[in-house]
Each structure stands twice: as structure tokens, then as C-alpha cells.
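Have a look at the structure below, then the notes.
There are 2 protein chains.
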Amino acid sequence: METRERIISTGAEIIHRKGFNNTGIKEILDAVGVPKGSFYFYFKNKEDFGLQVVDHFNSQFEGMTGEILEDTSRPPLARLQALFRWFMDFFTSTSFTCGCPVGNLSQEMADLSPAFREKLQEAIDKMADIFSGVLREAREAGEIPADLDVRETAYFIIAGWHGAIIRMKVMKNMAPLENHYRFIFDHLLKN
Amino acid sequence: METRERIISTGAEIIHRKGFNNTGIKEILDAVGVPKGSFYFYFKNKEDFGLQVVDHFNSQFEGMTGEILEDTSRPPLARLQALFRWFMDFFTSTSFTCGCPVGNLSQEMADLSPAFREKLQEAIDKMADIFSGVLREAREAGEIPADLDVRETAYFIIAGWHGAIIRMKVMKNMAPLENHYRFIFDHLLKN
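Order-wise, the sequence lines are chains A and B. The first sequence begins at 1001 in my numbering and counts up by one. The second sequence begins at 1001 in my numbering and counts up by one.
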């Protein structure tokens, strides 16, 4: 991997765990094992670096969701359920820590940096695109109520998920994510 | 107001805006106009101070919600709706910034401090108690579906709200909170 990518992926891991303001550039460079000059060769400043970290999180999210949601061997609603189950397994494997990097950075940075705000707006809209797509397929297949606005439903599902993850971090168990899953699939999307 | 309370309420405002790790003790003391020694007279360390700030946010929340939710001149569901409308006006008045302090600190501190985690767990459970209470009244009055588990419903409503606030901070408009209101009152709680 190139130095720039190593700085981004290591930085992303630390930021995911500790937050953006709570992570120092030096800490990242020490973890990667490169001198300080490298950082300013690749990034204008810490904010510029942070924006590229958001892009990195976005690509990860798209890659991962794409694999599950585009698997047309399963009906659309089952794909969406599989995606949430995948996330639940993932958070179990990380002992219910860290949470959603885009949700975290939105909360932390939206008021502090207009550039972050714009970048995170794109990231959340991208998430909504992804969820809307599979919800539209599910609606066309008659699997969910015909009167649901798929985009607004996508935003609602994402919001509930972000909030459930917040409580998951506090409870350190699966109950908040199970609660979200149940209300979304047994109530909201129930035909 | 006593010095200790002034440090807590000023600190709470700054932390609400900037986050806990991003706020320095010196910054708070400068804003209050007291010397550093005062801080360590009242608080063991920054974490101890932060835990008392969570208590402060909790009391504010209880006071404010109590006023609206205990006004029995209105039916329970209308009280719950009025509470969310109150919050929507509040966030409009703050230009859609800051968000929920308990949600913010949960996201920021749950992985970093077991003492914070425990305190925030209490705070979220207290919120769920408050929402469960009015939902129970609404269920007894036949205003919401009889088969809803009020406590699980309270957690789901709070999660959706926390997530909607995250997107509100990013969008800087009311749309995410309107989305939450619509799905909760026109779908989930609809009889």
C-alpha cells in the first residue's frame, strides 16, 4: 500500500475509535511509522486529511453494502435484513465499540467545520441512495407497503440505526440493534 | 449562583457545542472568570467534572420534559407531540446546532471511559422512563396500538430522534426532525 493510503487507513481506524479532535497527527504517523514531513506532503492540513478519511469510510461502506445488497439471488427485503444482520455480527466482533464512522463524525464535526459538514452530507445522502434503491426494489416486488416513500423511509431507517448504535456503545450489548431491527422489519416495513 | 454551579453550567454549554475532549478546563475557567485552583477544589479531575455535567444535562431534560409531559390538560399523545414540537422550535432557535448532549457524549465517551458509560446508561434509561410513562398513558387511553411494548417503543423513538438530530446537524434544516415526527406519529403510533 502506498504511504498516503497507509496514513489514511491507519488514521481512519484511530479516528473511528477515538474521534477526530481526540486524535493527533503524531499518533497516526507513529502508528504508520513515517516522519511528520510525509503528512504535509500528502495533506494540506488535518482537516484536509479528515475529509479524505470520510471518503475512505464511504468507499468501505459502499463496497460492503454493495456485496450484500446487489446479491440478487435473494429477494430485496431479505438482502436488507442480511445487511443489518451483517452489521450486528460486525459490532459483536468489535465488542459493541466505535459505531458508525459517518454518524460519529457528523455528530462531532458538523458544527465545527463547513467542509466536513458538506462532505458528511454527501456521505449520508449516499447511504440514503443505497437504502432507497433496495427499498424501491422491495416495493416493486410487493414486499413492503406500497405507500411508503422509499427515500424518506431510508432516512428514517438510517436515523434509527445511528441512534441505536449510540445506545449500543453505552449498553455494550446487542439489545439496541435488535430493537431497531424489530421495529423496522416487524412494524414499519410489514405489509 | 455558586462557583461550582457556574463552572458546571458554563462548562456544559461549551461541551454541548464543542464536545468533551475538544473542550479545555482552562477555556471553561476563563469563560467563568475563576482561577484554576477553583476547579480542583470542586472536582477531582476532568472526568469527575464531566460526570457532573451529565447530571446537569439530565436535570435540565427532566425539568423541561416534565413541564410538557405532565400537563394533564392535554391527552397523553398530544403531550408527546408537543414535546417534539418544542424541541423542533428549540433547534430552530439554535440554527440546528449542538444536538442532544446525552447523545453526543454517549457517542464520544462510551468507549473511552467506563464511568461516563455508566452515567450515560442511567441518563438514557431515565429518558426511556419518561417516554415510557407517557406512552403507557396513551396506550391506556386507547390512543396508540394496544400491542406496543411501551419501553421498547420508547427506546426506538429515542434512537430515531438521536439519529435524526445527527442528520439535522449535517443538513442544518428541520427536514430530519420532521421525518422522525411523521414516521413516529403517522406510522408507528397510529391506531
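All C-beta atoms, glycine included, are put in the ideal place defined by N, C-alpha and C.
By a beta-carbon distance limit of 8 Å, A:F1057 does not contact A:G1011. Their separation comes to about 11 Å. For A:I1144, no alpha helix (DSSP H) encloses it, and the DSSP letter there is neither H nor E.
About 4 Å separates the beta carbons of A:G1160 and B:G1160, which is inside the 8 Å limit, making them a contact pair.
Taken through DSSP and simplified to helix, strand or coil, B:F1049 comes out as helix. Within the same chain, L1051 and V1054 come within 6 Å of B:K1119 by CB-CB distance, once the 5 residues on both sides are set aside. Remark: C-beta atoms of A:I1130 and A:L1069 approach each other more closely than 8 Å. Neighbours of A:V1170 across chain B, judged by C-beta separation under 8 Å: S1106, A1110, R1117, L1120, Q1121 and I1124. Among the residues of the region 1160-1189 of chain A, those with a Cβ less than 7 Å away from any Cβ of chain B are G1160, W1161, H1162, G1163, A1164, I1166, R1167, K1169, V1170, M1171, P1176, N1179, H1180, F1183, H1187 and L1188, in the order of the chain. Burial of A:G1163 is indicated by the presence of at least 16 other C-beta atoms within 10 angstroms of its C-beta.
For A:I1158, the chain B residues whose C-beta falls within less than 7 Å of its own C-beta are G1163, listed in chain order.
A:S1059 is the residue among A:E1027, A:I1014 and A:S1059 whose C-alpha sits nearest the C-alpha of A:K1126. Distances from the alpha-carbon of A:E1108 to those of A:R1006, A:S1073 and A:T1023 put A:T1023 closest. Proximity of chain B to A:E1152 at the Cβ level (cut-off 7 Å) is accounted for by N1179, in chain order. If you check each beta-carbon in the region 1012-1040 of chain B against every beta-carbon of chain A, the ones closer than 8 Å belong to R1017, K1018, G1019, N1021 and N1022. With its beta carbon less than 8 Å from one in chain A, B:Y1155 belongs to the interface.
Check the Cα spacing between B:M1064 and each of B:L1029, B:L1083 and B:E1152: the tightest is with B:L1083.
Per DSSP, B:D1186 lies in no alpha helix (DSSP H) and is assigned neither H nor E.
Here the C-alpha atom of B:T1092 lies approximately 33 Å from the C-alpha atom of A:E1062.
Residues of chain A whose Cβ lies closer than 8 Å to the Cβ of B:T1065 do not exist, since the nearest Cβ in that chain is about 17 Å away. For a cut-off of 8 Å, the C-beta gap from A:Y1042 to A:R1004 is around 4 Å, short enough to register as a contact.
What B:G1133 touches in chain A, judged by beta-carbon distance under 8 Å, is nothing: the nearest beta carbon there is about 18 Å away. By the neighbour-count criterion, in which a residue is buried when 16 or more other Cβ atoms sit within 10 angstroms of its Cβ, A:T1094 is exposed. By the Cβ neighbour-count rule, A:Y1040 is exposed, with fewer than 16 other Cβ atoms within 10 Å of its own.
Those residues of the region 1049-1073 of chain B placed with their C-beta closer than 8 Å to a C-beta in chain A do not exist. Around B:A1031, the same chain offers T1010 as residues with beta carbons nearer than 6 Å, after the five sequence neighbours per side are excluded. A straight line joining the alpha-carbon of B:T1072 with that of B:L1189 spans about 20 Å.
Secondary structure note for A:K1119: its alpha helix (DSSP H) is the uninterrupted segment P1114 to E1140.
Distance from the Cα of A:F1096 is smallest, within the candidate group A:H1187, A:E1178, A:D1186 and A:R1182, for A:E1178. Excluding its 5 nearest sequence neighbours in each direction, A:K1046 has C-beta neighbours in its own chain below 7 Å: I1025, listed in chain order.
The C-beta of A:T1092 comes no closer than 8 Å to any C-beta of chain B. Each residue's CA atom was taken as its position, placing B:V1170 and A:A1110 some 5 Å apart.
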